[in-house]
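A.B. asks: The sequence shown begins at 188 in the working numbering and counts up one residue at a time. Think of the CB as a built atom: it goes at the ideal place given N, C-alpha and C, for glycine as much as any other residue. In this text, all values refer to a predicted model and were calculated from it rather than measured experimentally.
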Amino acid sequence: MADHNFDVVILGGGSGGYAAALRSAQLGMSVALIEKDKLGGTCLHRGCIPTKALLHSGEIADNTREAAKFGINATLNGIDMPAVNKYRDGIVDRLFKGLTGLIGSKDITVVSGEGRLVGPKTIQVGSDNYTGANIVLATGSYSRTLPGLEIAGRVITSEHALQLNFVPQKVIVLGGGVIGVEFASIWRSFGAEVTIIEGLSHLVPNEDEAISKGLERAFKKRGIDFKLGVRFSGVVQSETGVAVSLEDGTVLEAELMLVAVGRGPNATGFGYEEQGINMDRGFVLTNERLQTNQPGVYAAGDIVPGLQLAHRGFQQGIFIAEEIAGLAPIAIDESGIPKVTYCEPEIASVGLSEVQARELHGADNVSTYEYNLGGNGKTQILGSAGFIKLVRKNDGPILGIHMIGSRVGEQIGEAQLIVNWEAYPEDVASLIHAHPTLNEAMGEAHLALAGKPLHAHA
Ligand SMILES: Cc1cc2nc3c(=O)[nH]c(=O)nc-3n(C[C@H](O)[C@H](O)[C@H](O)COP(=O)(O)OP(=O)(O)OC[C@H]3O[C@@H](n4cnc5c(N)ncnc54)[C@H](O)[C@@H]3O)c2cc1C
188 MADHNFDVVI
198 LGGGSGGYAA
208 ALRSAQLGMS
218 VALIEKDKLG
228 GTCLHRGCIP
238 TKALLHSGEI
248 ADNTREAAKF
258 GINATLNGID
268 MPAVNKYRDG
278 IVDRLFKGLT
288 GLIGSKDITV
298 VSGEGRLVGP
308 KTIQVGSDNY
318 TGANIVLATG
328 SYSRTLPGLE
338 IAGRVITSEH
348 ALQLNFVPQK
358 VIVLGGGVIG
368 VEFASIWRSF
378 GAEVTIIEGL
388 SHLVPNEDEA
398 ISKGLERAFK
408 KRGIDFKLGV
418 RFSGVVQSET
428 GVAVSLEDGT
438 VLEAELMLVA
448 VGRGPNATGF
458 GYEEQGINMD
468 RGFVLTNERL
478 QTNQPGVYAA
488 GDIVPGLQLA
498 HRGFQQGIFI
508 AEEIAGLAPI
518 AIDESGIPKV
528 TYCEPEIASV
538 GLSEVQAREL
548 HGADNVSTYE
558 YNLGGNGKTQ
568 ILGSAGFIKL
578 VRKNDGPILG
588 IHMIGSRVGE
598 QIGEAQLIVN
608 WEAYPEDVAS
618 LIHAHPTLNE
628 AMGEAHLALA
638 GKPLHAHA
């Protein structure tokens with residue numbers, strides 16, 4: 188048994204953990220980063236990056252299918268899934284190499300193995316103890332399922348879906364949230380018949396309702412089927428497929444069912460409860476300084492209740508390192524975290540939805556404007572459609588921006604500056620947006636809301 192002492196000991200080398208490690212090292216602290224699998228965690232190996240690579244392959248398949256529309260003679264001869272996976276793995280491998288190199292170049296001790304909190308500030312890995320003046324818990328999340336629904340055989344999670352080396356002909360996606368609609372989009376682009384089952388009344392139910400409705404229209408056009416407001420009741424597997432029953436008596440048949448009903452915190456079994464850390468339904472509770480109820484023990488990423496997004500984890504990791512170093516960083520405003528869903532069409536949003544804004548500021552104190560991308564030259568060139576919805580406080584700042592359309596994810600940068608810097612529509616209207624870009628739709632929407640529409644009727 189060996190004992191090692193550090194300023195900061197971090198459990199989990201995903202987005203939250205490695206960001207905390209890098210920033211702590213930058214600030215001159217000694218750091219141990221404990222990871223049982225691969226640095227980069229879910230986002231790099233099983234989440235953000237591999238799914239976005241598949242979505243890009245899907246976009247190329249769609250473009251090829253529609254090439255004639257743009258005057259190009261091309262035929263889609265099929266999807267070579269092993270080759271798609273090779274392209275995807277190449278990206279993950281390159282980023283993994285880069286990340287490992289970056290962390291290796293800093294004064295960070297990477298410890299391989301599963302860690303367990305065995306004292307207030309001590310994590311045991313094998314027979315070694317790592318004690319930190321500060322501890323950061325960042326053990327991430329796992330794919331949840333429903334009570335009684337076993338993940339096995341043809342009933343899979345996103346982790347399994349990423350490993351498939353074939354395109355299912357027919358697939359059911361249980362859950363119309365971010366992960367569900369992204370996989371539905373991928374498989375549809377690859378030629379599968381897809382049905383999404385969502386118990387709530389809309390797809391992407393955490394988005395402004397106008398966006399959900401926009402996605403439903405777009406998915407219908409793409410031939411993606413969905414059943415809304417109806418709950419799953421059971422699944423029977425056979426040699427060749429699954430028969431999925433819904434509470435309304437419908438039975439749907441497919442080759443596979445993807446369970447995409449959310450992600451649970453991976454925070455039990457590592458000694459957290461035993462060390463007296465306050466938890467709620469498996470999540471680690473923190474205050475706004477990301478400190479648990481135990482002094483000097485912090486938590487970051489998906490184990491902390493809130494949006495489960497990689498960039499939230501990065502920001503929390505940076506915050507914790509700066510807090511430990513005594514820099515007193517400004518608390519993270521969760522309502523200002525940008526969100527992008529990378530299905531086709533993409534969805535991007537930041538700030539309050541219309542309903543949230545009216546609840547918070549009073550129903551009559553909020554106005555909205557929807558700029559239809561039909562008036563945007565670049566959208567026409569791409570053959571896409573969609574809109575940007577602005578939510579503003581009357582005579583006040585923009586409170587929320589909600590977008591749907593091809594490539595709108597790339598617009599989130601300006602949107603988040605507008606919302607987080609509490610810009611007025613008049614401020615944005617006076618800034619010049621380049622023509623012809625998708626981005627100028629952001630300018631046009633603000634021009635219209637400021638009362639001086641250019642390429643818009645109102
Ligand atoms: C399919 C999918 C797509 C996604 N797409 C996006 C996206 O496009 N954009 C986005 O922002 N987010 C996306 N996410 C979410 C994103 O991946 C997570 O929010 C992010 O990875 C959370 O970071 P984390 O550090 O909390 O946890 P993780 O990344 O899960 O990292 C936790 C790490 O801790 C390690 N670990 C756990 N327990 C121990 C232990 N006891 N000892 C040692 N090591 C341990 C794990 O091996 C893991 O590497 C996606 C997720 C999925 C599943």
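#1: Could you check whether the Cβ of residue 489 sits closer than 6 Å to any heavy atom belonging to ligand 1?
#2: Output the distance between the C-alpha atoms of residue 425 and residue 269, rounded to the nearest integer angstrom.
#3: Pull up the distance between the alpha-carbon of residue 312 and that of residue 341, whole angstroms please.
#4: Going by the CB atoms, is the gap between residue 370 and residue 354 shorter than 7 Å?
#5: Could you compute how far the alpha carbon of residue 289 sits from the alpha carbon of residue 501?
#6: Look up residue 219 in the DSSP assignment and give the residues it is bridged to.
#7: Compute every distance between the C-beta of residue 496 and the non-hydrogen atoms of ligand 1, then say whether any falls below 6 Å.
#8: Assuming residue 416 and residue 325 make a contact with CB atoms under 8 Å, what is their CB distance in whole Å?
#9: Which residue marks the beginning of the alpha helix (DSSP H) containing residue 574, and which one marks its end?
#10: Mind reading off the beta-carbon distance from residue 394 to residue 589? Whole number of angstroms is fine, and I expect it under 8 Å.
#11: Which residue or residues does DSSP assign as beta-bridge partners of residue 451?
#12: Is the separation between the beta-carbon of residue 451 and that of residue 469 shorter than 7 Å?
#13: Identify the continuous beta strand (DSSP E) that holds residue 275 and give its terminal residues.
#14: Name, in chain order, the residues that DSSP records as bridge partners for residue 415.
#15: For the candidate residues 336, 615, 396, 245, whose alpha-carbon lies nearest to that of residue 267?
#16: So residue 632 packs on residue 525, CB below 8 Å; how close in whole Å?
#17: Got a sec? Which residues, its chain only, sit under 8 Å from residue 639 by beta carbon, not counting five neighbours each side?
#18: What runs of the alpha helix (DSSP H), each 4 residues or longer, lie entirely inside the stretch 563-628?
#19: Could you spell out where the beta strand (DSSP E) holding residue 320 opens and where it closes?
#20: Any heavy atom of ligand 1 closer than 6 Å to the CB of residue 530?
#21: When you compare the stretch 244-258 with the stretch 301-308, are there three or more beta-carbon pairs, one atom per stretch, that lie closer than 8 Å?
C.D. replies: The answer reads as follows:
#1: Indexing the sequence shown from 1 puts residue 489 at position 302. Yes; taking the cut-off as 6 Å, the Cβ of residue 489 has a heavy atom of ligand 1 nearer than that.
#2: Translated into the one-based positions of the sequence shown, residue 425 becomes position 238. Translated into the one-based positions of the sequence shown, residue 269 becomes position 82. Their Cα atoms are separated by approximately 25 Å.
#3: Taking the sequence shown and counting its residues from 1, the one referred to as residue 312 is at position 125. Taking the sequence shown and counting its residues from 1, the one referred to as residue 341 is at position 154. Distance between the alpha carbons of residue 312 and residue 341 is about 36 Å.
#4: Residue mapping note: residue 354 aligns to position 167 of the sequence shown, counting from 1. Residue mapping note: residue 370 aligns to position 183 of the sequence shown, counting from 1. Their beta carbons are not under 7 Å apart, which means residue 354 does not touch residue 370 by this criterion.
#5: The residue you call residue 289 lines up with position 102 of the sequence shown. The residue you call residue 501 lines up with position 314 of the sequence shown. So the alpha carbons of these two residues sit roughly 15 Å apart.
#6: Counted from its first residue, the sequence shown places residue 219 at position 32. Answer is 196, 296, bridged to residue 219.
#7: Within the sequence shown, residue 496 is the residue found at index 309, counting from 1. Result yes, Cβ under 6 Å from ligand 1.
#8: Taking the first residue of the sequence shown as 1, we reach residue 416 at position 229. Taking the first residue of the sequence shown as 1, we reach residue 325 at position 138. 36 Å between Cβ atoms; not a contact.
#9: Position 387 of the sequence shown, counted from the first residue, corresponds to residue 574. Here residue 574 belongs to no alpha helix (DSSP H); instead the beta strand (DSSP E) covers 574-580.
#10: Residue mapping note: residue 394 aligns to position 207 of the sequence shown, counting from 1. Residue mapping note: residue 589 aligns to position 402 of the sequence shown, counting from 1. Yes, residue 394 and residue 589 are in contact; Cβ-Cβ is about 7 Å, under 8 Å.
#11: Numbered from 1 along the sequence shown, position 264 holds the residue referred to as residue 451. For residue 451, which the question treats as bridged, DSSP gives the partners 329.
#12: Numbered from its first residue, the sequence shown carries residue 451 at position 264. Numbered from its first residue, the sequence shown carries residue 469 at position 282. Yes, the Cβ-Cβ distance between residue 451 and residue 469 is below 7 Å.
#13: If you number the sequence shown from 1, residue 275 lands on position 88. Premise fails: residue 275 lies in the alpha helix (DSSP H), 268-291, not in any beta strand (DSSP E).
#14: On the sequence shown, residue 415 is found 228 positions in, with the first residue counted as 1. According to DSSP, residue 415 bridges with 385.
#15: Walking along the sequence shown from the start, residue 267 turns up at place 80. Residue 267 has its Cα closest to that of 245, out of 336, 615, 396, 245.
#16: Within the sequence shown, the letter at position 445 stands for residue 632. Within the sequence shown, the letter at position 338 stands for residue 525. Contact flag wrong, Cβ pair sits at about 17 Å.
#17: Translated into positions along the sequence shown, residue 639 becomes position 452. Counting only Cβ-Cβ distances below 8 Å, and skipping sequence neighbours, we find 616.
#18: 564-569, 599-607, 612-616
#19: For the purposes of this step, residue 320 is taken as residue 133 along the sequence shown, with counting starting at 1. Segment 315-324, the beta strand (DSSP E) holding residue 320.
#20: Taking the first residue of the sequence shown as 1, we reach residue 530 at position 343. Not under cutoff, so the answer is no.
#21: no
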